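Visitor:
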Amino acid sequence: MAEPVQVTEEQSKRSTRDAILDAAFAILARDGYEALTARNVAQEAGTNLALLNYYFGGKKGLLLALYDRLERERFERQQALYADPDEPLSAQWRRAVAYYRQDLADGFVRVHHELQARGYADPELAARGRQRVSSWAELLADVVRRHLPAMGVSMPPEQVAIAFSAFWYGMEQLHLIGMSEDEAPFFALLDAVGDWFERQERRA
Numbered sequence: 787m788a789e790p791v792q793v794t795e796e797q798s799k800r801s802t803r804d805a806i807l808d809a810a811f812a813i814l815a816r817d818g819y820e821a822l823t824a825r826n827v828a829q830e831a832g833t834n835l836a837l838l839n840y841y842f843g844g845k846k847g848l849l850l851a852l853y854d855r856l857e858r859e860r861f862e863r864q865q866a867l868y869a870d871p872d873e874p875l876s877a878q879w880r881r882a883v884a885y886y887r888q889d890l891a892d893g894f895v896r897v898h899h900e901l902q903a904r905g906y907a908d909p910e911l912a913a914r915g916r917q918r919v920s921s922w923a924e925l926l927a928d929v930v931r932r933h934l935p936a937m938g939v940s941m942p943p944e945q946v947a948i949a950f951s952a953f954w955y956g957m958e959q960l961h962l963i964g965m966s967e968d969e970a971p972f973f974a975l976l977d978a979v980g981d982w983f984e985r986q987e988r989r990a
């Protein structure tokens, strides 16, 4: 007979903490910030209110922890996406678009914007938002530096990266308010960019 698995105090703590973060994500993705009360989070997580305060010190700490976890997960994913220097940019681009569709469907895009909007009145959350933009812009500037000169794009990588970031953020906002592809054909545009990358790669 197999020995029972021993759960350490640290594992139990991490499990409860993650359950609370998962619950906060689910509420933000489904119902928005107004529904994110400590009581609702505790109920969604199947835990008690005192544990939320114990692990996060309240709602503000919970928001910061959720922001950090989501950003770490998505940033690591994008780093892995662009890690292979021999993979064509067109293939990486199409995978990035597929990730975006997934992020829209699973609620990440909404949760990110709910958290970002809190930064209008909260300096700490605003700082998280600025750090996110800076980190992603640095990553994208490196991608531009590696791929676009061979395609005839000579703009400074930092300018291309920040312009792309602003475009993507605006696209997310319009998708979140329900703009259809007929009204705002963003996915057609993203596909066209991927096609252009592919043509330039063949010429190079």
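Counting from 787, one number per residue, gives the positions in the sequence shown under this note's numbering.
Think of the CB as a built atom: it goes at the ideal place given N, C-alpha and C, for glycine as much as any other residue.
Keep in mind the model is a prediction, meaning the values are calculated, not measured.
1. Which parts of the segment 933-963 are runs of the alpha helix (DSSP H), unbroken and 4 residues or longer, counting only runs that do not cross its ends?
2. Say whether the segment 859-871 touches the segment 834-850, bearing in mind that this needs 3 or more beta-carbon pairs closer than 8 Å, one atom from each stretch.
3. Which complete alpha helix (DSSP H) runs does the segment 829-881 hold, if anything under 4 residues is left out?
4. If E944 and H899 are in contact, beta carbons under 8 Å, what's the gap, nearest whole angstrom?
5. To the nearest angstrom, how far is it from the Cα of R931 to the Cα of R914?
6. From S801 to T833, what does the alpha carbon distance come to, in whole angstroms?
7. Could you give the residue range of the alpha helix (DSSP H) that holds G905?
8. Could you have a look at E820 and say whether DSSP puts it in helix, strand or coil?
9. Closer than 8 Å to a non-hydrogen atom of the ligand GTP - does that hold for the CB of W982?
10. Around the Cβ of S876, are there at least 16 other Cβ atoms within 10 angstroms (buried) or fewer (exposed)?
Guide: Here's the rundown:
1. 943-962
2. No contact exists between the segment 859-871 and the segment 834-850.
3. 835-842, 845-867
4. At roughly 24 Å, the Cβ-Cβ gap does not stay under 8 Å, so E944 and H899 are not in contact.
5. 26 Å
6. 11 Å
7. Here G905 belongs to no alpha helix (DSSP H), and DSSP marks it neither H nor E.
8. helix
9. As far as ligands go, the structure on display features none, and thus does not contain the ligand GTP.
10. buried
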